[in-house]
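**Q** Those protein sequences? They're chains C and S, same order as listed. Numbering-wise, the numbering used here comes out as the position in the first sequence, counting from 1, plus 18. Numbering-wise, the numbering used here comes out as the position in the second sequence, counting from 1, plus 18. Where is the CB? At the ideal position from N, CA and C, for every residue including glycine. First, the structure itself, so that you have it in front of you.
Number of protein chains: 2
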Amino acid sequence: MTNAMKGAELARVLFSPESIVLVGTSNDLMKTAARPLQFIRRAGFAGRVFNVNPSRSEVQGEKSYSSISELPIVPDHAFILTSTEHAIEAVRECGKLGIPVATILASGFSESGEAGKAREELLREIAYANHIRLLGPSSIGLVNLWNNLTLTANAAFGEAGLPRGGIFCASHSGSLIGALTSRGRARGIGFHSLVSVGSETDLSIGEICEATLDDPTIDGYMLFLETTRNADSLRRFALAAAERGKPVVAYKLGRSEAAAELAVSHTGALAGEDDVADAFLRGCGIVRVDTFEGLLEALPLLKLMSTTVIQHRKPRVGVVTTTGGGAAMAVDQLGIRGVDVAPPSEETRRLLAHAGVEGGHGRILDLTLAGTRYEVMKGALDILLKAPEFDLILAVVGSSARNQPQLAVKPVIASMGVGQPLACFIVPDAPEALALLSEAGVPCFRTPESCGDVIAAAMKKQTPNWAMPGNISVGDSEQVMLNEAAAYGLFARYGIPHADFVVIDVSSPLPALPFAYPVVAKVLSTSISHKSDVGGVILDLKNNEELRSAIAAIRRNVESKVPGVEVGHVLVQRMENPVGEALIGIKRDNEIGPVIMVAAGGIYTEIYKDRSLRIAPVSLEVAREMIDEIRGFQTLKGYRNQPKGDLEALAQAVVAVSQLAISKDNPVLEAEINPMLVLTDGRGVIAVDALVTILGSS
Amino acid sequence: MTNAMKGAELARVLFSPESIVLVGTSNDLMKTAARPLQFIRRAGFAGRVFNVNPSRSEVQGEKSYSSISELPIVPDHAFILTSTEHAIEAVRECGKLGIPVATILASGFSESGEAGKAREELLREIAYANHIRLLGPSSIGLVNLWNNLTLTANAAFGEAGLPRGGIFCASHSGSLIGALTSRGRARGIGFHSLVSVGSETDLSIGEICEATLDDPTIDGYMLFLETTRNADSLRRFALAAAERGKPVVAYKLGRSEAAAELAVSHTGALAGEDDVADAFLRGCGIVRVDTFEGLLEALPLLKLMSTTVIQHRKPRVGVVTTTGGGAAMAVDQLGIRGVDVAPPSEETRRLLAHAGVEGGHGRILDLTLAGTRYEVMKGALDILLKAPEFDLILAVVGSSARNQPQLAVKPVIASMGVGQPLACFIVPDAPEALALLSEAGVPCFRTPESCGDVIAAAMKKQTPNWAMPGNISVGDSEQVMLNEAAAYGLFARYGIPHADFVVIDVSSPLPALPFAYPVVAKVLSTSISHKSDVGGVILDLKNNEELRSAIAAIRRNVESKVPGVEVGHVLVQRMENPVGEALIGIKRDNEIGPVIMVAAGGIYTEIYKDRSLRIAPVSLEVAREMIDEIRGFQTLKGYRNQPKGDLEALAQAVVAVSQLAISKDNPVLEAEINPMLVLTDGRGVIAVDALVTILGSS
């Protein structure tokens, strides 16, 4: 938006305005539009507050102006509380007056059918023309706890006395913020500011967060996402946050199809596939948690681990406990999420024994009742936190956390910073112990599920994919599908091998083949994407005679099944003898940009959802990690004494395809090698079918 | 145990003794053995309490007896607080005196290596010989809140003022009970009694629970399980509970391999495969939850649904809310667990509109702020609870539950019993609202995860498998592997078809085959279980000549690869043309008894764990449900226009195999049809390989 406010100055007028105007304050205390003034006065905001209400000269005992234009100064921020129909006009007036930002409470825009979409478009144009930034519509407002600004119509959000802290919270859902503040309060978790972004007609969640990045009092970001719309600004924010070492945790709706659909109807956004969103958030270095409680609990651990990235191996957690059963629950939750709880090494056991710490010989160090004594737990932690076999130590504390909260968490708090990251799961109901730990910055968990969720998510965090290109505008450019031979040619430029082939003109005599039989013959055409379905592929041809009659059969099949198509050429390709198959594909998501996929070949890709996605491009290390995630590739790792496949060559091909995905010369919209044959270890991989759609001319 | 106490009388001496003796009460208040007397006195137990301490005449200001034999009366229950070494002798003395039950605190038995196992064996013998029942060892005791009996050494367990209710709680882990009581207390959930069963040397969790079944003040059971040992008594209890309509919920450790291993080292039990345990619990009608919070929250819903069983279709939940974002979280958690949130029908929408309830047109009924008004929420619930398209209604309540708990939950409480079961998810932190709901018996959830978990588990509850045979003692009987032909014969007796075959004596001339070529030839032997691995199978033989040379090749291959085996016969079988494959197997679990498995054929069974288990026998309906659970069978349901497979015939075969599993004539230890070929719909299924191991002579 030209001439419109951005960056730190935007953050100031949003969260630290010196003056605000409430447009449409009601005098009827039962009405929603009466609430913001009440909340602001109750919280004790120190700036100037103006009210506009055309039908009254006084509201709630304060002066009311009859219009925005009458205000004695130009306020920093307008909160528009009017109905949908009056909101657009109010924005225009605010803009004309020079108010830099307006927050709109009303709904009835993009989420309300065609009429709503048109209203939203108008609103956007008016804001743009008048150089005013918008928060909302459908925003229930924002809160900055550090200056008592409660610019909101929501009671929960405007609750008095919320603890202050360093967490900046932004949410697509307004009603969810009350849940976060109240649950945070019960845990002693302090927020810096909270904002309901509504339908992001102008300001997106990414741009708002980005604007606050240089605020030294903000040390972490908590996002509640319904979609990944406005991915570009979200990415920009996340990468900048990663550079500053400020962690970002997100809970995103849409793990199930029903909820993905709901997010659409709820906010008017488009639903993407959830695993694409997953890949995007990982690529941005945003840690996605799966439990709601985990969203609240994650940031302390992410802060501790802000520089830690565990790549290409299973992370290992060490567990010490006073309650075997409680610890086992946490171990279970970590295990089902792919995090190993590792036993102490021989050397560590020796050190523990030397320090007089007894904890059995199992996978966890079970101190039993003895662990409720300070010196026993502290002694164990001092040794475990420095043991090289662990990436993190989890202390699981039992009933003592309830009966003697101070004593029970003392050794844990005292052990912060001794070595590896430390976290704590409290098994009984013990709010006091949790609050003490939170206050001391110790990552702590109330349930085994959120404990497993957060630790696994933190351990799987990626360094951001700095090379992510983002989306390009496809506009009205022509989409061109390459024929199979041209597709091989494009892949070859990126070093991706394909099986030898020749293209044969079906009207000429059969030439001598430059490779040996057996071969496969395939129709060559840019108008047929499923060649086999129309009888366009014949396999295992052993000699000239079989090849000739196959070519004739392909002409007959295709021309009878696809009326209007005349078969001019066939592609004849050498048959290969693989040990396995894979699929490598790239796809351009409308919001997110190019996504690369590796999958097990065949129908099982679809049925078992056995695929791995990342935002392109990927490094060799990430490509290996993707391949490791495919369960079906176990058959290529020496399963049941079968020959091993060349998965390293497959990883190299994945890297190459991911480079093609970000090519600027002929932007690729979609590309797929399926199957990519995997030969025995050391012999490489080889594409035997290829599909490419590019933008522009071929 | 002969002459030993059982049933209601056992429950009485355990949980409602008129007199107890504490053996080994310490006078040193810092010691664990000092605690039970303190807790008992603090709680105000009304019965007689005796203390035995050989070295003192007084402990904690009360009289102490120097030995058990000096007691003036025979108490109902002894709590033995001594060290491991003295516990056995104390049990003997108690038994000799006629005390009917003793609880043992000490550890150091089965979980402590060979010496511990021997000690446990001795303990069991002494108890048996002296007609005394044992709780423990490694039991931290028990509590009955209805008579202030706190027979425990654990502070959390002995906490004063716990709310009383109807829940009987039994746990393998002692330290976990403190977590359940404290978390329950925070939610206003009242327990009847709680017991730590320790290592179940004599009394098992099943027998203890069963003994309490006729207590009218107990209305549900909560189990924390580490293993499924003593499965027979657990099954007996669960079936009896189901008959009485008393729900049983269980949380079982061992979803991950690491935790399964931990349960072994922690309690000395054997770990079974977790999905076998799952099948067992389902078969018993026990509802297994996956979240710890869900364990506490499940019983009210299970009580409401005690007579509801939804079979062979996806359950449908209707959602009404004041917070779209909060409801979407619950929808997501239900969706990933296979429970559909269904939109209101046209008729229901008409009724809602008529009642003036506006809630949009989406999958959930979003009342927004209007839903915080009593008449709006009550009006919506009255209609939804009677709508035939729902199996359950979930009300998701937002910030009003915190700000105005009484008002927010009033319409929900008032709607109980109006129609279908009703449950409530409270999105913000609102302990008061949760307590009000709990008090009124409304199933209510604190997190979206436990909400999804409990509702999905309740909806998938099975009627118990009344025909479960339980385990049989294999003893020293001979295990006999049948040859393939005999295995087909056994299966045929149960109506399971196999491909036509003849057995050919390799030393005789080739006879005329009673079926057409092509055929497969296989070595016939009871000493080779993997025929293909030794070159014992040759496929696709087209005529006599090919068959003759195949038989010769099989003799050569097998005799060279398996020294000592002489090939006397081959099985020649007609080749069939299936559309798919399946695996049907039965296995006898040592604790649980016969388990039946259906799986997708091939290597994917193992890699994708695409299998479904139940306790044998199964009905046709359950067999169909099992087949529905196999993702790989999607290829046989008209996937991508491929021909459909005869899955109904497969279901019938599963039922038949499950009947074979419970045969008493020749008890089957293990049997497998792999592959069972699935022909096109209407043409049936046909076994083409079979393996059976039975007990006794063939």
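Can you name the residues that DSSP bridges to Ser73 (chain S)?
**A** DSSP output for Ser73 (chain S) lists no bridge partner at all.
**Q** Give the straight-line distance between the Cα atoms of Val672 (chain S) and Leu271 (chain S), rounded to the nearest whole angstrom.
**A** Cα-Cα distance, rounded: 29 Å.
**Q** Is it true that the stretch 308 to 328 of chain S meets the stretch 460 to 479 of chain S, where meeting means three or more beta-carbon pairs spaced less than 8 Å apart?
**A** A contact exists between the stretch 308 to 328 of chain S and the stretch 460 to 479 of chain S.
**Q** So, is the C-beta of Val349 (chain C) closer than 7 Å to a C-beta in chain S?
**A** Taking Cβ atoms only, chain S reaches closer than 7 Å to Val349 (chain C), which makes this a yes.
**Q** To be precise: take each residue of the stretch 310 to 322 of chain C, compare its Cβ to all Cβ atoms of chain S, and keep it if any distance is under 9 Å. Which residues remain?
**A** Those would be Phe310, Glu311, in chain order.
**Q** For Arg658 (chain S), which option in C:Ile625, C:Phe509, C:Met48, C:Val576 has the closest C-alpha, if you only look at C-alpha atoms?
**A** Comparing Cα positions, the closest option is C:Ile625.
**Q** Please classify Ala530 (chain S): is it buried, with 16 or more other beta-carbons within 10 angstroms of its beta-carbon, or exposed?
**A** Exposed, because fewer than 16 other Cβ atoms sit within 10 Å of the Cβ of Ala530 (chain S).
**Q** Our contact map puts Glu599 (chain S) next to Gly619 (chain S) with C-beta atoms below 8 Å; I'd like the distance itself, whole angstroms only.
**A** Confirmed, about 3 Å.
**Q** Applying the 10 Å Cβ sphere with the 16-neighbour rule, what's the burial state of Tyr392 (chain C)?
**A** The residue in question, Tyr392 (chain C), is exposed, as its Cβ has fewer than 16 Cβ neighbours within 10 Å.
**Q** In the structure shown, what three-state DSSP assignment does Asn172 (chain C) receive?
**A** In the structure shown, Asn172 (chain C) sits in coil (DSSP, three-state: anything other than H, G, I, E or B).
**Q** Can you have a look at Glu150 (chain C) and say buried or exposed, based on whether 16 or more other CB atoms are within 10 angstroms of its CB?
**A** The residue you asked about is not Glu; residue 150 (chain C) is Ile in the sequence shown. Ile150 (chain C) should be labelled buried.
**Q** Buried or exposed, going by whether 16 or more other CB atoms sit within 10 Å of the CB of Glu365 (chain C)?
**A** Result: exposed.
**Q** Leaving out five residues on either side along the sequence, give the residues of the same chain with a beta carbon under 8 Å from the beta carbon of Ala360 (chain S).
**A** Within the same chain, Ala360 (chain S) has close Cβ partners Arg334, Val335, Gly336, Arg381, Glu407, Phe408.
**Q** Closer than 6 Å by C-beta to Ile98 (chain C): which residues in its own chain qualify, once you throw out the five before and the five after it? Chain order, please.
**A** So the qualifying residues of the chain are Val41, Ala105, Ala108, Ala120, Ile122.
**Q** Quick one: what does DSSP say Arg592 (chain S) is sitting in, helix, strand or coil?
**A** Reduced to three states, the DSSP call for Arg592 (chain S) is strand.
**Q** Indicate whether Ser37 (chain S) and Asn165 (chain S) have their beta-carbon atoms separated by less than 7 Å.
**A** No, the pair does not count as a contact, with Cβ atoms beyond the cut-off.
**Q** Verify the CB distance criterion: does Val472 (chain S) have a CB-CB separation below 7 Å to chain C?
**A** Output row for Val472 (chain S): interface = no.
**Q** Determine the chain C residues that contact Asp558 (chain S) at a beta-carbon separation under 9 Å, and present them in chain order.
**A** Correct list: empty, because the minimum Cβ distance to chain C is about 16 Å.
**Q** Does any residue of chain C have a CB that is nearer than 7 Å to the CB of Gln677 (chain S)?
**A** Not an interface residue.
**Q** For Thr43 (chain S), would you say it is in contact with chain C, using Cβ-to-Cβ distances shorter than 7 Å as the test?
**A** For Thr43 (chain S), the answer is no, since every Cβ of chain C falls outside 7 Å of its Cβ.
**Q** Can you confirm whether the stretch 542 to 562 of chain C touches the stretch 571 to 590 of chain C when touching is taken to mean that 3 or more C-beta pairs between the two stretches lie within less than 8 Å?
**A** Yes: at least three Cβ pairs fall under 8 Å.
**Q** Using a C-beta cutoff of 7 Å, does Thr698 (chain S) count as contacting chain C?
**A** By this cut-off, Thr698 (chain S) is not an interface position.
**Q** Using 7 Å as the limit for Cβ to Cβ distance, is Thr341 (chain C) near chain S?
**A** So, interface residue.
**Q** Measuring only between beta-carbons, confirm whether Gln660 (chain S) sits less than 7 Å from chain C.
**A** So, not an interface residue.
**Q** Buried or exposed: where does Ser85 (chain C) fall if 16 or more other Cβ atoms within 10 Å of its Cβ makes it buried?
**A** Ser85 (chain C) comes out exposed.
**Q** By the DSSP assignment, the beta strand (DSSP E) with Ser189 (chain S) in it spans what residues?
**A** Counting along the chain, the beta strand (DSSP E) containing Ser189 (chain S) begins and ends at 182 to 189.
**Q** Can you check whether the C-beta of Ile444 (chain S) is within less than 7 Å of a C-beta belonging to chain C?
**A** No, Ile444 (chain S) does not count as interfacial toward chain C.
**Q** Could you pull the DSSP bridge partners for Arg629 (chain C) from this structure?
**A** DSSP lists C:Ala617 as partners of Arg629 (chain C).
**Q** Can you check which of these residues, S:Glu225, S:Thr341, S:Met347, is closest to Glu275 (chain C) by C-alpha distance?
**A** Cα-wise, what sits closest to Glu275 (chain C) is S:Met347.
**Q** Listing by chain order, which chain A residues have their CB less than 7 Å from the CB of Gln670 (chain C)?
**A** Here the protein chains are C and S, and chain A is not one of them.
**Q** If you reduce the DSSP assignment to three classes, tell me which class Asp607 (chain S) lands in.
**A** The answer is strand: DSSP assigns Asp607 (chain S) an E or B state.
**Q** Hey, Gln438 (chain C) and Ile411 (chain C): beta-carbon distance below 7 Å or not?
**A** Yes, they are a contact pair.
**Q** Starting from Asp718 (chain C), follow its DSSP beta bridges and name the residues at the other end.
**A** Within the shown structure, residues of chain C are numbered from 19 to 716, placing residue 718 (chain C) beyond reach of any answer.
**Q** Tell me the rounded alpha-carbon separation between Ala259 (chain C) and Val266 (chain C).
**A** One C-alpha to the other measures close to 8 Å.
**Q** Please confirm whether Leu55 (chain S) and Thr43 (chain S) have their CB atoms less than 7 Å apart.
**A** Cβ atoms of Leu55 (chain S) and Thr43 (chain S): closer than 7 Å.
**Q** Of all the options C:Leu194, C:Glu594, C:Ser251, which has the alpha carbon lying nearest to the alpha carbon of Phe242 (chain C)?
**A** It is C:Leu194.
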